[in-house]
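Taking this note's numbering, the leading residue of the sequence shown gets 11, the next gets one more, and so forth. We put the CB at the ideal spot given by N, CA and C, even for glycine.
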Amino acid sequence: MGNPQITQDDFEADFMFDREAETMPRKAIAGLQQERLSWSLRRAYENVPHYRRAFDAAGVTPDRLKSTADLRHFPFTVKTDLRDNYPFDIFATPVNKLARLHASSGTTGKPTVVGYTAGDLDRWAGLMARSMAGAGARPGDILHNAYGYGLFTGGLGAHCGAEKLGCVVVPISGGGTERQVMLLKDFGPGVLCSTPSYALNIAEVAEGMGVDIAALPVRRGLFGAEPWSNEMRAELDRRLGLKSVDVYGLSEIMGPGVACECDVARDGLHGWEDHFLFEVIDPETLEPLAMGEVGELVITTLTKEAMPMIRYRTRDITRLTDEPCICGRTHLRIMRVTGRDDDMMIIRGVNVYPSQIEAVLVGLDGLSPHYQIRLFKQGALDAISVDVEILPGTPDSDADLAARAQQVRHHIKSVIGVSSDVCAKRPGEVPRSEGKAVRVLDQR
Ligand code: DLL
């Protein structure tokens with residue numbers, strides 16, 4: 011225990027930020043959801059022209075909701091609905107009554123803009139504080155926040171949640187990795203927040219600087235904003251000497267803290283059902299799926315004032331479970347997000363997510379976990395090639411690299427069942443991430 015403020019008892023204690031809400035009986039959650047859902051549908055219908063049009067076109071009004079099961083009769087909301095209402099027409103609150111705007115960069119065209127009232131910001135900070143506490147952060151912890159500050163919700167989302175929990179925030183943002191390592195060493199934070207790919211970059215830079223980062227006090231990593239495999243988790247745990255915990259969220263719904271793993275089980279992310287209603291649908295038929303089935307996650311906000319989101323299609327592929335968790339929290343769990351349905355590649359009839367390739371690469375000796383996938387056309391079909399780096403200090407003649415590539419190709423084929431081109435690269439040749447890693451270069 012490197013942090014002097016934290017005693018062993020604090021560390022092990024079954025600490026919850028918001029015990030009453032986090033352990034509410036499932037029946038009480040259902041009752042609360044119904045009441046809040048009714049409020050949210052009404053708020054959307056009465057204040058946002060987009061929702062009025064969409065509900066009218068589907069032949070429903072908020073009165074149609076007799077129980078939460080009736081939500082299935084309401085229309086979905088998709089990202090283009092936000093773009094079509096750019097910048098402010100999706101808001102249920104006049105702009106001059108908002109407290110903050112965020113936006114997602116958007117690869118093409120206009121960004122997606124999201125707004126918050128002061129009350130929304132307070133609830134967001136509360137949910138992020140709840141998430142962080144569940145992940146093992148404690149009041150008094152120094153928390154090194156390497157999520158990017160700015161329009162991205164990661165930086166400020168983690169910042170305000172950590173302050174609410176009572177942590178001492180280091181608002182370093184992303185980038186300047188050598189300075190990050192210096193401050194990790196000098197300040198001795200108990201918690202590191204960043205994307206998993208950036209955490210790996212930090213570990214590597216620390217090793218290059220001769221800093222034994224695994225020996226530092228940092229004991230929890232709150233990693234999210236991109237898919238990452240269990241193999242990557244084991245790698246981060248080992249190299250950084252901490253317990254890595256997965257945190258999920260998206261700006262359209264709030265930002266980070268929509269769901270988070272507990273550090274007790276690290277087996278699925280508790281989705282905060284007092285503020286959100288989670289469904290999983292079949293992305294083809296759009297029909298709701300039963301608990302446990304894999305499909306697209308759809309989220310409805312229950313308490314958002316500025317921007318109620320009704321049945322927002324996240325494009326994220328996962329499954330839900332309402333099996334009780336050993337931590338005592340009663341909120342359902344979102345099993346880890348495999349990837350986005352728009353990141354899914356179809357290679358000769360086989361569905362492949364980048365995180366599956368990652369799981370193969372991270373498990374192989376002699377390889378570093380830095381990789382990038384190129385998607386290209388081979389005749390009429392899609393094909394992939396994978397750039398992966400060898401570990402520093404491993405033999406790196408052209409013949410060694412070719413042999414290594416052959417071995418990796420073989421593993422990808424036998425584990426995932428797809429043929430790929432593989433290019434083994436020398437250390438440092440694959441681009442490093444400072445935020446969300448670009449895992450797939452689409453060269454079709
Ligand atoms: O990435 C919010 C966030 C910041 C979450 C920091 C966690 C930590 P957006 O930029 O709107 O918001 O991107 C949201 O990122 O739909 C998922 O596809 C992906 N994503 C976020 N968290 C995870 C995760 C933030 N833990 C999109 N696992 C989401 C897998 C994730 N994918």
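- In the DSSP assignment, residue 281 falls outside any alpha helix (DSSP H) and within the unbroken beta strand (DSSP E) covering 279-281.
- Taking a contact to require three or more Cβ pairs closer than 8 Å, the region 255-270 and the region 207-218 do not qualify as touching.
- Within its own chain, the residues whose Cβ lies closer than 6 Å to the Cβ of residue 404, once the five positions on either side in sequence are excluded, are 376, listed in chain order.
- Cβ-Cβ distances below 8 Å link residue 450 to 353, 355, 364, 382, 383, 384, 385 in the same chain, with the five nearest sequence neighbours on each side left out; the list follows chain order.
- The beta strand (DSSP E) runs lying completely inside the region 302-387 and spanning 3 residues or more are 305-311, 322-328, 355-357, 360-362, given in chain order.
- The continuous stretches of alpha helix (DSSP H) do not include residue 83, and DSSP gives it neither H nor E.
- Here DSSP, grouped into helix, strand and coil, assigns residue 155 to strand.
- In its chain, beyond the 5 residues on either side, 271, 331, 335, 343, 344, 345, 346 have a beta carbon closer than 8 Å to the beta carbon of residue 278.
- Residue 193 is a Cβ neighbour of residue 180, given a cutoff of 8 Å.
- Our two residues, residue 93 and residue 292, have alpha carbons roughly 24 Å apart in a direct line.
- Listed in chain order, the non-local C-beta contacts of residue 72 below 7 Å within the same chain comprise 48, 51, 52, 55, local neighbours out to five positions each way being set aside.
- Under the DSSP assignment, residue 418 falls in the alpha helix (DSSP H) whose first and last residues are 408-426.
- Assignment of residue 405 by DSSP, reduced to helix, strand and coil, places it in the coil class.
- Taking C-beta atoms as the reference points, residue 275 and residue 177 fail to come closer than 8 Å.
- Per DSSP, residue 188 has no beta-bridge partner at all.
- Between the alpha carbons of residue 197 and residue 30 lies a distance of about 34 Å.
- Annotation for residue 232: the continuous beta strand (DSSP E) segment containing it runs 230-234.
- Residue range 59-68 is occupied by the alpha helix (DSSP H) that includes residue 61.
- Annotated three-state conformation of residue 286 is strand, per DSSP.
- Distance from the C-beta of residue 257 to the nearest heavy atom of the ligand DLL is below 7 Å.
- At least one heavy atom of the ligand DLL falls within 7 Å of the beta-carbon of residue 260.
- Per DSSP, residue 272 lies in no alpha helix (DSSP H) and is assigned neither H nor E.
- Distance from the CA atom of residue 242 to the CA atom of residue 309, rounded to whole angstroms, is 27 Å.
- Note that the C-beta distance between residue 328 and residue 299 is not below 8 Å.
- Here DSSP, grouped into helix, strand and coil, assigns residue 30 to helix.
- Within 7 Å of the C-beta of residue 139 there is not a single heavy atom belonging to the ligand DLL.
- Contact between residue 444 and residue 265 does not hold, since the beta-carbon distance rounds to 19 Å and is not under 8 Å.
- In this structure, residue 347 has its CB closer than 7 Å to one or more heavy atoms of the ligand DLL.
- A straight-line Cα-Cα distance of about 5 Å links residue 454 and residue 387.
- Nearest neighbour of residue 393 by Cα position, chosen from 199, 61, 423, turns out to be 423.
- Straight through space, the alpha carbons of residue 121 and residue 207 are spaced by roughly 24 Å.
- With a beta-carbon spacing of about 21 Å, residue 57 and residue 113 fall beyond the 8 Å limit used to define contacts.
- A straight-line Cα-Cα distance of about 50 Å links residue 173 and residue 391.
- Per DSSP, the beta bridge partners of residue 126 are 110.
- When distances are taken from the beta-carbon of residue 236 to the heavy atoms of the ligand DLL, the shortest one is below 7 Å.
- CA-to-CA, the gap between residue 32 and residue 426 works out to about 38 Å.
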